[in-house]
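Here is the structure we will look at.
Numbering (my numbering), first residue to last: 9 to 120.
Written as structure tokens, this is what we have:
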């Protein structure tokens, strides 16, 4: 998978309504506020558009990707279904690694 010009890739587990991180030997689900605060305090994020490399975070039009877009005030690109990345960089968005039926969804700040 190659970086997308104009976007910062954020790789984190996800659902349509939350992000999942491994913390203290267990999965912890966080909201858009926690991820936005992390990004704002992370030196590699200089602001600007975000591409979520995060399963199903673009499945809900009012879900976590839209909420992150609103919180950061930037466009967010997120997959509509489970995201599979092959060793050669090929990306599949769909219900399994063989059916590329999903899409990248664009979220813009200000929508609810």
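Heads up, the beta-carbon is just placed ideally off N, CA and C, and yes, glycines get one too.
DSSP, reduced to helix, strand and coil, places residue 15 within a strand of the structure shown.
In this structure, DSSP gives residue 119 a state outside helix and strand, which the three-state scheme calls coil. Secondary structure of residue 46 (DSSP, three-state): helix.
Around residue 41, the same chain offers 79 as residues with beta carbons nearer than 7 angstroms, after the five sequence neighbours per side are excluded. Relative to the Cα of residue 12, the nearest Cα in the group 58, 21 and 43 belongs to 58. Residue 116 sits exposed, since fewer than 16 C-beta atoms from the chains shown fall within 10 Å of its C-beta.
Sequence-distant Cβ neighbours of residue 17 in its own chain, meaning closer than 7 angstroms and more than five residues away, are 11, 59 and 61.
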